[in-house]
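Numbering (full-length UniProt numbering), first residue to last: 1 to 350.
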């Protein structure tokens with residue numbers, strides 16, 4: 001069988017094209033147009049490399065890409081959890097958890113809602129709605145219908161909260177009045193305690209002053225409550241009284257020290273000195289011509305004064321001895337020594 005017969009046989013076996021117009025495509029004869037080839041992605045060699053430095057590089061790249069993707073997903077989940085935790089903390093702010101005595105169920109007991117103002121209640125509701133919205137957005141297991149239901153519920157809650165906030169103006173005013181009354185009562189009690197403390201401090205200072213001065217202890221009598229002006233003037237009066245008493249005590253101590261010195265010590269020659277000797281400055285200021293005469297006069301005066309003083313002292317001593325001798329002579333029981341008697345007689349004769 002020849003090649004020409006084989007080619008003609010293939011042409012005869014081909015199926016003719018359908019829908020060919022008789023006028024436009026009459027020039028096309030038995031030859032058929034082949035279908036275009038679809039491009040396929042070449043994967044390189046048919047098997048992975050088993051030798052050289054590129055062994056396992058494809059697997060390493062795939063593992064690295066998977067690890068990066070997993071890290072990004074974990075970071076996103078961690079960020080979402082952190083945001084949800086922050087919202088939950090804002091919602092549960094001001095609330096405490098205690099363990100029930102009858103069971104092991106934890107019961108949330110927060111601040112009394114009746115004592116909170118409307119603005120705080122509104123803020124707590126806004127925080128709760130924000131937490132719900134965030135959880136519905138982050139959660140992957142919720143369907144579209146569930147997310148839509150949560151969205152509608154949060155919108156309805158916020159709308160109702162705004163309406164209630166506008167309606168509770170009178171209740172808010174009543175709550176503020178009650179709190180104001182309570183604070184006023186506490187302030188009055190604190191003022192009363194302050195006045196009592198001031199009175200106790202005044203009594204303590206008065207007693208301390210009496211102890212310092214040495215006055216007898218006097219029990220303070222109960223007096224009616226003084227006015228504000230009297231309470232302001234009382235510290236100044238106490239200070240004035242303290243100053244006067246200290247001044248009198250200082251003057252008394254000064255006088256007593258002088259009297260005590262005069263009583264305890266005997267009379268000195270300096271106490272009886274009437275004239276004083278000229279100082280060195282006065283002597284230098286005087287003329288040199290008058291210095292010998294002045295020195296002689298001063299020496300004569302000092303000699304005369306010393307002799308007069310000795311005479312006066314001897315006379316006083318003689319009078320004292322005579323008086324003692326007379327007393328001893330009158331009293332028979334008292335006997336003076338013979339030496340003293342002889343001295344008295346000699347002094348009398350002199």
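Don't be surprised by glycine CBs; every beta carbon is placed ideally from N, CA and C. Note that the coordinates shown come from a computational prediction; the quantities given were computed from them, not determined experimentally.
Considering just the uninterrupted stretch of the alpha helix (DSSP H) at residue 119, what are its terminal residues? Boundaries of the alpha helix (DSSP H) around residue 119: 118 to 138.
Reduced DSSP category for residue 56 - H, G, I as helix; E, B as strand; rest coil: coil
Inspect the CB distances between the segment 129 to 147 and the segment 169 to 181 and report whether three or more fall short of 8 Å. Cβ pair count under 8 Å is below three, so no.
Ordered along the chain, which non-local residues of its own chain (more than five positions away) have a Cβ less than 8 Å from that of residue 205? Only 238 meet the Cβ criterion.
Quick one: what does DSSP say residue 173 is sitting in, helix, strand or coil? DSSP, read as helix, strand or coil, puts residue 173 in helix.
With a cut-off of 8 Å, do at least 3 Cβ pairs link the segment 137 to 153 to the segment 193 to 202? no
Let's test the definition: count the other Cβ atoms within 10 Å of the Cβ of residue 191 and tell me whether it reaches 16, buried, or not, exposed. Answer is exposed; the Cβ neighbour count stays below 16.
Rounded to the nearest angstrom, what separates residue 243 and residue 249 at their Cα positions? 10 Å
I'd like the list of long-range same chain contacts for residue 193, defined as Cβ closer than 6 Å, with 5 residues on each side in sequence excluded. none
What do you get for residue 211, buried or exposed, if any count of 16 or more other CB atoms within 10 angstroms of its CB means buried? Exposed, because fewer than 16 other Cβ atoms sit within 10 Å of the Cβ of residue 211.
When the cut-off is 9 Å and only beta carbons count, does residue 207 lie next to chain D? Absence of chain D from the displayed structure is noted, only one protein chain being present.
Buried or exposed: where does residue 28 fall if 16 or more other Cβ atoms within 10 Å of its Cβ makes it buried? Only weak support exists for where residue 28 lies, its pLDDT of 45 falling under 50; the value from the coordinates is given anyway. Exposed, by the Cβ-count rule.
What number of angstroms, rounded off, separates the C-alpha of residue 226 from the C-alpha of residue 236? Here residue 226 scores only 49 on pLDDT, less than 50, and its place in the model is too uncertain to base an answer on.
Less than 9 Å between the C-beta atoms of residue 118 and residue 77, yes or no? Taking a C-beta distance under 9 Å as the contact criterion, residue 118 and residue 77 do not qualify as a contact pair.
Given a threshold of 16 other Cβ atoms within 10 Å of its Cβ, counted over all protein chains shown, does residue 124 qualify as buried or as exposed? buried
Enumerate in chain order the residues of its own chain whose CB-to-CB distance from residue 151 is below 8 Å, with the five nearest sequence positions on each side excluded. 133 and 136
Are the CB atoms of residue 80 and residue 138 nearer to each other than 9 Å? yes
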